[in-house]
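Chemist: Take this structure, written in structure tokens, and hold onto it; I'll ask about it next.
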Amino acid sequence: VIIGGGPGGNTAASYAARHGAEVVMIEKDVVGGAAHLWDCIPSKAMIA
């Protein structure tokens, strides 16, 4: 069971699945994490 679908959770899940584990990921928001989807948008920095 992977708690959190951010970059670390995705990496852990992929690694475990490639090595034969059955993986379940639990994420309350967007899988992939907010940092690279919403928080780190370069245009937001240019507007600020």
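For what it's worth, UniProt numbering labels the leading residue of the sequence shown as 1, then goes sequentially.
The C-beta atom is built at its ideal place from N, Cα and C for all residues, glycine as well.
Just so it is clear, the structure is predicted and the values come from calculations on it, not from any experiment.
Tell whether a beta-carbon distance below 8 Å holds between Val24 and Ala17.
Modeler: In the sequence shown, counting from the first residue as 1, residue 24 sits at position 24. In the sequence shown, counting from the first residue as 1, residue 17 sits at position 17. Result no, Cβ atoms of Val24 and Ala17 do not sit closer than 8 Å.
Chemist: With 16 as the cutoff for other CB atoms within 10 Å, does Gly20 come out buried or exposed?
Modeler: The residue given as residue 20 occupies position 20 in the sequence shown. Classification of Gly20: exposed, given that the 10 Å Cβ count is below 16.
Chemist: Leaving out five residues before and five after Val1 in sequence, what residues of the same chain have Cβ atoms less than 6 Å from its Cβ?
Modeler: Along the sequence shown, read from residue 1 onward, the residue named residue 1 stands at position 1. So the qualifying residues of the chain are Val24.
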